[in-house]
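Residue numbers (the numbering used here): 375 to 782. Note that the Cβ used here is the ideal one computed from N, Cα and C, for glycine as well. These figures come from a predicted structure and were not determined experimentally. To start, the structure itself, in C-alpha cells.
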Ligand SMILES: [Zn+2]
C-alpha cells in the first residue's frame, strides 16, 4: 500500500515545513508494508477562502478544571425510587459532574478561514494528475486551511483521497508536537479503509459517541485526546476488521503508529511529574540516535549536527565553544564516519568552519540541534538534552550518562 502525503504551497494553507517533515519521518519509521512518501502541490495563483467564522465557541473551550472544593449538600431525608427501562437507559442515568463556567479568555474570539471539502479533494486530484499517482494509491493533503464542517480530516469521493487539518492542535495537546495527532489522523483513515468497503460506510461507520476507539468521531473536539491516549480499537471495529480480508501486517503497522503516538503524548504529559528522562540509544557504526522510551523514535541529525552532539555526549564535563578548536581531531574522526566520501580535505574544511566562532556555521548547527531536540522530547524535558551553558562557561549536555546506551 502506497500513501502519498503532500502539502499545498499556497501561503494560507501551507503547513509548517518542519512539522510536515516530522510527520513524514514519524510515519516512515513505522515498520510494515505501508509505504509513506512526501510531495508538494505548487500553485502559481492565490485563492480567496470561502468565508471566515469565529473559531471556537465557549462550550469548546478546552482546558477547564473540575471544582472539587464545594460544600457537601445535606442528604435528602427520604430515599427516592428510580426506574429504568433498558440497560442503555441505566448506563446513561449516571449523574453529571458540574463544571464551572469557563473563564472568558482575552485571546478570544479568534477567526479562521475555511473552504468546502470539495476544494481539498480537487487539490488531491490535481496532485494525482501532476505526479501520475496510480488509482490504487492513497493521497493525503495536509493543510492549515480550515474546512466548512470543521472536521479534523475527511475522505473524498474517490475513496482514496483525504485531507487532514493541520492547524490549531495546540488547543488540544499542551507541549505536544502537532506531528503526533496529525500522523495519528492519517493512519486512522487507513484503518477505516481496512474496515469499510466504500466512502459512505466509512463516513457513517464512525462512532458518534466516543468509545476511546480510533474510530471515534469526536464531535466535541476535546474527545480527540481520549482516543489518542487510549491508542485502542474497540470490539465492534475489531470484528469489522476480522470480517474483511487484507494483509494483517497493515493493521499491525497502524497499531504500532497509534502506540507510538500514545507513548509520546503520555511521556510529555508525565515528564514533569516523573522527572525521569528517556534514554538515548546510540546505534552502530553510523551512530544513529534513538529514543527507546518514546516508541524508539529516531532523533535524526545530519552529519554535522550528529558530530557536535556526540562530541558533547563524550564530554560530560563540558567544553567551552572557544575551546572547540582544541578538539579538531576528535571532531574530524566523528564527522568522517557520517560522510560517505573519503575526501579528507572536505572533512577538515567542514570541521574548521564548525569550530570557528566567527563563522555563523557553529551557531546554525547548534540552533538546529536545539530545534530537533525540543521537537523530539518536548520543551519540558529538552533542557536535559540540549548543549547548553551560560555565556563564557563550558557548554554541556546535562543528561546523566547512565541514560545513554551505546550499542553495536
Ligand atoms: Zn470502534
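{"query": "Stretch pair the segment 397-417 + the segment 554-565: three plus CB contacts closer than 8 Å", "result": "yes"}
{"query": "Residue from 517, 627, 585 whose Cα sits closest to the Cα of residue 602", "result": "585"}
{"query": "Of the listed residues 758, 576, 657, 646, nearest to residue 548 (C-alpha basis)", "result": "646"}
{"query": "Reduced DSSP category for residue 489 - H, G, I as helix; E, B as strand; rest coil", "result": "strand"}
{"query": "Residue 726 (DSSP reduced to helix, strand or coil)", "result": "helix"}
{"query": "Residue burial classification, residue 613 (beta-carbon count within 10 angstroms, cutoff 16)", "result": "exposed"}
{"query": "heavy atom of ligand 1 below 7 Å from residue 610 C-beta", "result": "yes"}
{"query": "Given 8 Å, three or more beta-carbon pairs between the segment 708-726 and the segment 655-662", "result": "yes"}
{"query": "Where residue 696 falls, given that 16 or more other Cβ within 10 Å makes a residue buried", "result": "exposed"}
{"query": "Alpha-carbon to alpha-carbon, residue 387 and residue 622", "result": "35 Å"}
{"query": "Endpoints, the alpha helix (DSSP H) within which residue 737 is located", "result": "734-751"}
{"query": "Closest residue to residue 531 among 393, 743, 512 (Cα-Cα distance)", "result": "512"}
{"query": "Which listed residue (577, 540, 596, 569) has its alpha carbon closest to that of residue 608", "result": "569"}
{"query": "Residue 509 beta carbon near ligand 2 (any heavy atom closer than 7 Å)", "result": "Among the ligands in the structure shown, ligand 2 does not appear; only ligand 1 can be found there."}
{"query": "Residue 562 CB to nearest heavy atom of ligand 1 below 7 Å", "result": "no"}
{"query": "Proximity of residue 535 and residue 499 at Cβ, strictly below 8 Å", "result": "yes"}
{"query": "Test item: CB-CB of residue 582 and residue 497 under 8 Å", "result": "no"}
{"query": "Close-in-space but distant-in-sequence residues of the same chain around residue 572 (CB under 8 Å, 5 per side omitted)", "result": "533"}
{"query": "heavy atom of ligand 1 below 7 Å from residue 581 C-beta", "result": "yes"}
{"query": "Residue 628 versus residue 738 - alpha carbon distance", "result": "36 Å"}
{"query": "Proximity to residue 644 [Cα-Cα], best of 754, 466, 516, 767", "result": "754"}
{"query": "7 Å CB neighbourhood of residue 554 in its chain, flanking five on each side removed", "result": "635, 638, 639"}
{"query": "Where residue 611 sits in the DSSP three-state scheme", "result": "helix"}
{"query": "Simplified DSSP assignment, three categories, for residue 403", "result": "coil"}
{"query": "Helix, strand or coil at residue 510 [DSSP, three-state]", "result": "coil"}
{"query": "With 16 other Cβ atoms within 10 Å as the buried cut-off, status of residue 617", "result": "exposed"}
{"query": "7 Å Cβ shell around residue 702 - same chain, five flanking residues per side excluded", "result": "725, 729"}
{"query": "Residue 853 Cβ short of 7 Å to ligand 1 heavy atom set", "result": "Limits of the chain in this structure are 375 at one end and 782 at the other, which puts residue 853 out of reach."}
{"query": "Pick from 376, 579, 775 that is closest to residue 509, judged by C-alpha positions", "result": "376"}
{"query": "Which of helix, strand or coil DSSP assigns to residue 664", "result": "strand"}
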